[in-house]
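Everything below concerns the one structure shown next.
Numbering (UniProt numbering), first residue to last: 1 to 250.
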């Protein structure tokens, strides 16, 4: 999975122009030996972790992240956020496939989600942080969306005391205009999100043999991941007294 030379150029081309090539046919995984299965898991995991570090390290060196901390704790927290979201997406994605029809195995789903997460989700997270770092308007809009999500979920669980303290939120109705760079970041987020969902959709169809309708149902499971993540974070913070990942620091 880790490529060099022409292979790296090709994968960069595929990321933008031909993302379905990131998903290989199911025949590579259904009849693998135990050794080959282990090799697949290791290579995909190494690729994923290397990309997580490439995502988290620049943010941490700039002092940007989910907590106010020194570089090493910040690097750990920034890495945990995307790793946690990746494995949550994997669980929901494969559960959806299994419930809708039945799957061709855990390893194909693992490969699809981890590669997709390490590329497109990392791009999404980076664009979010760039927006927060350079634009007060985008920071306010992101905080507003973040609070709406957590307060909606928290209505059924519990919102930790002082959860919204210090958040500079801006309701979209209050925004009269956006700078060109703000618009570019929002468009980038939308495009990256579409790529992210598209690769998962193609993976469900090509690797697991689902129909279009079944694949769309699986995407419903994936789209529930932010709600599930918010619920888990609130439960951890409220009932286990463990600080939430989502304490923005800069």
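Every residue gets a Cβ at the ideal spot worked out from N, C-alpha and C, and that includes glycine.
Taking 7 angstroms as the cut-off, is the C-beta of residue 130 nearer than that to any heavy atom in the ligand MN? Absence of the ligand MN is noted for the structure shown, with no ligands found whatsoever.
Taking residue 146 as the reference, give the member of 36, 49, 177 and 172 with the closest Cα. 172
Quick check on residue 171: does DSSP put it in helix, strand or coil? coil
Would you be able to state if there are at least three C-beta pairs under 8 angstroms between the segment 210-223 and the segment 96-104? yes
Terminal residues of the alpha helix (DSSP H) in which residue 100 lies: 71-100
Cβ atoms of residue 58 and residue 195: under 8 angstroms apart, would you say? no
With 8 angstroms set as the bound, which would you pick, yes or no: does the beta-carbon of residue 218 sit closer than that to a beta-carbon of chain D? The structure shown has no chain D; it contains just one protein chain.
Is residue 176 helix, strand or coil when you go by DSSP? coil
Could you tell me whether the segment 102-116 touches the segment 32-52, using the rule of 3 or more Cβ pairs below 8 angstroms? yes
What does the alpha-carbon distance come out to for the pair residue 40 and residue 177? 48 angstroms
Measure the alpha-carbon distance for residue 85 versus residue 227 and round it to whole angstroms. 11 angstroms
Rounded to whole angstroms, what's the CA-CA distance from residue 76 to residue 61? Just pull it up for me. 12 angstroms
Neighbourhood of residue 114 by C-beta, 6 angstroms cutoff - its chain only, sequence neighbours within 5 removed: 44 and 48
Can you tell which of 129, 23, 136 and 55 has its C-alpha closest to the C-alpha of residue 202? 23
State yes or no: is the C-beta of residue 82 within less than 8 angstroms of the C-beta of residue 121? yes
Chain-order list of residues whose beta-carbon lies under 8 angstroms from that of residue 149 (same chain, five-residue window excluded): 226, 227 and 230
Let me confirm a value: residue 33 is counted as buried when at least 16 other C-beta atoms fall within 10 Å, else exposed. Which label applies? exposed
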